[in-house]
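Read through the structure below, which is laid out as C-alpha cells, and then see the notes.
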Amino acid sequence: MNRTAAVSIRLEGVRKQYDGGTVAVRELSLELPAGELTVLVGPSGCGKSTILRMINRLIEPSGGRMWLGDDEITAVDPIALRRRIGYVIQNVGLFPHQTVRDNVGTVPKLLGWPKGQVAERTAELLDLVGLDPARYADRYPHELSGGQRQRVGVARALAADPVVLLMDEPFSAVDPIVRGRLQDEFLRLQQTVRKTIVFVTHDVDEAVRLGDRIAVLSEGGQLEQFAPPAEVLSKPANTFVAEFVGADRGIKLLAVTPIPREGLRPLPDGDHEAPSVPVDGSLRDALAALLEGETGWVAVRDGNDVLGILTPEDVYAVLRR
Ligand code: ADP
Numbered sequence: 000m001n002r003t004a005a006v007s008i009r010l011e012g013v014r015k016q017y018d019g020g021t022v023a024v025r026e027l028s029l030e031l032p033a034g035e036l037t038v039l040v041g042p043s044g045c046g047k048s049t050i051l052r053m054i055n056r057l058i059e060p061s062g063g064r065m066w067l068g069d070d071e072i073t074a075v076d077p078i079a080l081r082r083r084i085g086y087v088i089q090n091v092g093l094f095p096h097q098t099v100r101d102n103v104g105t106v107p108k109l110l111g112w113p114k115g116q117v118a119e120r121t122a123e124l125l126d127l128v129g130l131d132p133a134r135y136a137d138r139y140p141h142e143l144s145g146g147q148r149q150r151v152g153v154a155r156a157l158a159a160d161p162v163v164l165l166m167d168e169p170f171s172a173v174d175p176i177v178r179g180r181l182q183d184e185f186l187r188l189q190q191t192v193r194k195t196i197v198f199v200t201h202d203v204d205e206a207v208r209l210g211d212r213i214a215v216l217s218e219g220g221q222l223e224q225f226a227p228p229a230e231v232l233s234k235p236a237n238t239f240v241a242e243f244v245g246a247d248r249g250i251k252l253l254a255v256t257p258i259p260r261e262g263l264r265p266l267p268d269g270d271h272e273a274p275s276v277p278v279d280g281s282l283r284d285a286l287a288a289l290l291e292g293e294t295g296w297v298a299v300r301d302g303n304d305v306l307g308i309l310t311p312e313d314v315y316a317v318l319r320r
C-alpha cells in the first residue's frame, strides 16, 4: 500500500499577501515531520487554508521558501507537484457524472497506469477506506451518504500513492456522529499508510484527537505553539493558546492520556465491588469510572486480568504535571 516513502515538509519565512492587500500569512517557518499527521488549528480566517494551498501551489506564496523532502516546492512544475500530493476538501469535489470507480482511478489513469493496475488499486483503496468495492464501485456520488462520499474523497486522494496528503476541514460537513466514526477510521488508515499529512481544522477536539502534532495559529498565520496534543493541553504556550483550547482542557488532556500499564497501585486485599476500565482506554475513561463507583479507586483490566488500580490522585497528578 505504501510504495513511496513519506517525506517532511519544510516552510521557511513563508508569506502570503493577496491582491487587495490582505496579509493572510505574515511569516511562517515550520517543519512537518515525515510520516506524521500535523494539524493546523486556529480561528476562522487565521490563514490555515492559505498555508495548505501554498504547499500544493494552488496559491503562490508572496515570499519565503518551501521544501517537500529535498525538492524546493516553488522550483518544480506545479502539475507534477500536485500529482505527488493528495488533496481532500470539505465537500470532496467528486465528479458527479463518474462512478466511484472512475473517481478513485482518475489520477492513476492520468499517470498512464495500465487498466488492470488501475482496477486493482481502486479496489484496494475502497477496501482500505471501508467501502466494499462490489457494492460501491459502480455507484454515482449522489447514491452515497455524506460520510461515504468523504471516504471516496480520501481513497481518491491516496490513489496514486502520494508522498503527502493535504486535508482541509475534510469532515466538517458531516454530522457529529459520522464525523467521530470517520475520524476513528482515518486514524486506523494512517496507521497503515503512514503518510505525511497536513490537516486543517478550526475544531480543537478534532485537532487533539487526530494530530501527532498541533500547530496553533492566530491571525496572519502567526504560529503560537507547535507541539504534541498533550503538551498543548498541559502547557499552553501563552494566553491565546490557553483560551483557544478552552477551559475544559484538563478533560481534553485526560482523553488523550493513555492509562499507564506500569507503576499502578496494587489491588487491595478482600472482595470489592469496584468499577474497572480496560488498560487500552484513556484517563478520562478512568475518571468517568471513578465518578460512578463508590470505592474511591478503579481497577485497570487487561482482558480478565487486573493489572492494578488507579486512585483520583493518580488521575489528577497528570493535570498538575
Ligand atoms: P482560514 O483557512 O484560517 O479560515 P484563510 O486562509 O482562508 O483562513 O484566509 C486568511 C485570510 O486571507 C482571511 O482574512 C481571508 O479573508 C483572506 N483571503 C483568503 N483568500 C483570499 C483571496 N483569494 N483573496 C483575498 N483575500 C483572501
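Using numbering that gives the first Met the number 0, the first residue of the sequence shown is number 0, and each one after it goes up by one. We treat Cβ as the ideally placed atom computed from N, Cα and C, and that holds for glycine. None of these values were measured; they are calculated from a predicted model.
- Residue pairing for residue 48: DSSP places it in no beta bridge.
- Secondary structure note for residue 284: its alpha helix (DSSP H) is the uninterrupted segment 282-291.
- The way I'd put it, the region 3-10 doesn't touch the region 116-132; fewer than three beta-carbon pairs between them come closer than 8 Å.
- Relative to the Cα of residue 221, the nearest Cα in the group 41, 96, 268 and 167 belongs to 41.
- Contact annotation, residue 255 with residue 207: C-beta distance approximately 6 Å; criterion of less than 8 Å satisfied.
- Shown here for residue 100: same chain residues with a beta carbon closer than 7 Å to its own, the five before and five after excluded, namely 121, 136 and 137 in chain order.
- Around the C-beta of residue 86, 16 or more other C-beta atoms lie within 10 Å, and the residue is accordingly described as buried.
- Here residue 23 has 15, 16, 17, 46, 49, 219 and 220 as same chain residues with Cβ atoms under 8 Å from its own Cβ, once five neighbours each way along the sequence are excluded.
- Per the coordinates, the alpha-carbon of residue 294 lies some 48 Å from the alpha-carbon of residue 125.
- Assignment of alpha helix (DSSP H) within the region 26-106, counting only whole runs of 4 or more residues, yields 47-54, 77-82 and 99-103 in chain order.
- As a beta-bridge residue in DSSP terms, residue 167 pairs with 199.
- DSSP places residue 301 outside any alpha helix (DSSP H); the residue lies instead in the beta strand (DSSP E), whose first and last residues are 297-301.
- With 16 or more neighbouring CB atoms inside 10 Å of its own CB, residue 251 falls in the buried class.
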